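Trainee: Quick one: this structure, given as structure tokens, is what I'll be asking you about.
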Amino acid sequence: MGSDTAGAARSFWAAPRVAAALEGVIDLEHGPDGSWFMPWRLPVADLELHHPALVLPAMSACGGRIRVRTAARALRLDAETVRLDGGPDLPGVCDLLIGTSLGADTAPAPGGDRWRRADLGEHGAVFADLPPGDKLLELWLPSLAPVRVRGLRALDGLPLLPAGPDRRPRWTVYGSSITHGFALPPASPASTWPAVAGRLLGRNVTNLGFGGACLLDPLVARMIGERTTEHITLEIGINIHNTAGLRERTLAPSLHGFLATIRSHQPRVPVTVLGPVHGGEREDSVVACRRNADGSGMEVAGDLTLCQMRRIFEDTVEVLKRRGDRALTWMDGRELFSGEDAAVGGLSDGLHPDVRSQGLMGERYAALEGAR
59 MGSDTAGAAR SFWAAPRVAA ALEGVIDLEH GPDGSWFMPW RLPVADLELH HPALVLPAMS
119 ACGGRIRVRT AARALRLDAE TVRLDGGPDL PGVCDLLIGT SLGADTAPAP GGDRWRRADL
179 GEHGAVFADL PPGDKLLELW LPSLAPVRVR GLRALDGLPL LPAGPDRRPR WTVYGSSITH
239 GFALPPASPA STWPAVAGRL LGRNVTNLGF GGACLLDPLV ARMIGERTTE HITLEIGINI
299 HNTAGLRERT LAPSLHGFLA TIRSHQPRVP VTVLGPVHGG EREDSVVACR RNADGSGMEV
359 AGDLTLCQMR RIFEDTVEVL KRRGDRALTW MDGRELFSGE DAAVGGLSDG LHPDVRSQGL
419 MGERYAALEG AR
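Written out as structure tokens, the structure reads:
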């Protein structure tokens, strides 16, 4: 998305102007009268080509953020969450990061009075008591709940100004619910591990974490490859295990095909294959329990443990490196979240690292990438 520099400064931005200030999503669905837009993380025109289990998490704007400059002391995001018939009531938590610089290449950093959080309620999300003076703001949309955005308003009447696009190196992160930000309690949008690592590495992140649906879909590989980016990270494995979606016969070929599709568009962009974080009993078991919305479950049996998956992923990367791909690297997810982390309570529900661990994962990823 780009920036809207036309028109006089005003204290209210309608949906089209807010859309022009949005970063970190793939596409937008527009209301028939133009009064709202809904961010998507798949191309809207291609939704019928994807399995519903992928379309559902792609409805959320995880990692999507609105960039604005203003001296206003209070803002309101006019938006509402979208709930599907029979679907869960997902949290509509928004984060507002307050920058110390107006430079378009600078990302606001959380800490102290430079971070606000608000729930998206009946009348939108309100951020009050902002610091005085001109500032760069990033308003992060909810990670889990789909939203329709109708406008952005400075409640004290001061003008809202375009901040310009985020020109930091672009980083595309594909993954599971662990990347999407599922945790107990749920991670807020600016505290997922890709968001934390992106700030530390100085990157403009697009989060393609699809809860329960990271299964190396070929059209997702095409989408990633077609997007201009300077870094790509693929957090893979846990959804394949939990659904038995791929087996020993198909796992390495599927990863080869996924990477080959990306490389057909992006032959030299650095790609990191990130294996599963510590997964509790899944480390040495081929059986997972799939939970339904009502709490019931059933056992799903594959033929690969997480330990076996990591060996296959690492071997796949080594084969491609020997064949000349010098921009491809392997990272063991246990370097971000280990058995020791789980032993002290970091695995909040037996599957997802908790909110504190999400932050640690982001810090550790940034340190490992920075050391390369």
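Heads up, the sequence shown is in my numbering, so the first residue is 59 and it goes up one at a time.
Think of the CB as a built atom: it goes at the ideal place given N, C-alpha and C, for glycine as much as any other residue.
From a predicted model like this one, the values you see are computed outputs, not experimental measurements.
1) Can the beta-carbon of Glu87 be found less than 8 Å from the beta-carbon of Met96?
2) Taking the alpha helix (DSSP H) that Trp251 belongs to, which residues open and close that run?
3) So, are the CB atoms of Glu421 and Val254 less than 8 Å apart?
4) Just checking, does the segment 193-208 make contact with the segment 128-142 on the three C-beta pairs under 8 Å criterion?
5) Have a look at Ile298, Gly121 and Val335 and flag the residue whose alpha-carbon is nearest the alpha-carbon of Val344.
6) How long is the line joining the alpha carbons of Pro194 and Arg127, rounded to whole angstroms?
7) Are the beta-carbon atoms of Leu242 and Leu292 separated by less than 8 Å?
8) On the three-pair Cβ rule with 8 Å, is the segment 355-365 touching the segment 401-419?
9) Within the continuous alpha helix (DSSP H) that includes Arg208, where are the two ends?
10) Could you tell me which whole beta strand (DSSP E) segments of length 3 or greater appear in the segment 283-367?
11) Hey, His109 and Leu277: beta-carbon distance below 8 Å or not?
12) So does Leu135 have its beta carbon nearer than 7 Å to some heavy atom of the ligand FMN?
13) By Cβ distance below 7 Å, which residues in the same chain neighbour Leu216 in space, the five residues on each side in sequence not counted?
14) Since His336 and Phe395 are thought to touch, with beta carbons under 8 Å apart, how far apart are those beta carbons, to the nearest angstrom?
15) Counting only the same chain and skipping the five closest in sequence on each side, list residues whose C-beta sits under 6 Å from that of Asn436.
16) Reducing DSSP to helix, strand and coil, say where Asp224 ends up.
17) Would you please state the rounded distance, in angstroms, between the beta carbons of Arg392 and Thr363? I believe it to be under 8 Å.
18) In chain order, what residues of the same chain have a beta carbon less than 6 Å from the beta carbon of Met117, not counting five sequence neighbours either side?
19) Quick one: what's got a C-beta closer than 7 Å to Ala72's C-beta in the same chain, skipping five residues either side?
20) For the alpha helix (DSSP H) that Ile156 lies in, which residues bound it at each end?
21) Which of the three DSSP states is assigned to Asp85 in this structure?
22) Taking the beta carbon of His181 as the centre, do at least 16 other beta carbons fall within 10 Å, making it buried, or is it exposed?
23) On the three-state DSSP scale, how would you describe Leu273?
24) Output needed for Asn262: all residues of its chain with C-beta closer than 6 Å, excluding positions within five of it in sequence on either side, in chain order.
25) So is Asp373 buried or exposed if we call it buried at 16+ other beta carbons inside 10 Å?
26) Which value, in whole angstroms, describes the spacing of the CA atoms of Leu386 and Ser406?
27) From the DSSP output, in three-state form, read off Gly161 for me.
28) With DSSP run on the structure shown, which of helix, strand or coil describes Gly179?
29) Using a threshold of 8 Å, state whether the C-beta atoms of Phe185 and Arg174 are closer than that.
Mentor: Let me lay it out:
1) yes
2) Trp251 to Leu259
3) yes
4) yes
5) Ile298
6) Correcting the residue type first, residue 194 is Leu in the shown sequence and not Pro. So the alpha carbons of these two residues sit roughly 5 Å apart.
7) no
8) no
9) That residue, Arg208, is in no alpha helix (DSSP H); its beta strand (DSSP E) goes Val205 to Ala212.
10) 289-293, 329-332, 345-349 and 355-359
11) no
12) The model on display carries no ligand, and the ligand FMN is accordingly not part of it.
13) Ser69, Thr128, Ala129 and Ala130
14) 6 Å
15) This structure leaves residue 436 out entirely; the chain is present only between 59 and 430.
16) coil
17) About 13 Å separates the two Cβ atoms, so there is no contact after all.
18) Pro204
19) Gly209
20) Not the alpha helix (DSSP H): Ile156 falls in the beta strand (DSSP E), residues Val151 to Ile156.
21) strand
22) exposed
23) coil
24) Asp224, Arg226 and Arg228
25) exposed
26) 32 Å
27) Low per-residue confidence applies at Gly161: pLDDT is 45, beneath 50, and the placement is therefore not dependable, though the value from the model is reported in the following sentence. Here Gly161 sits in coil by DSSP.
28) strand
29) yes
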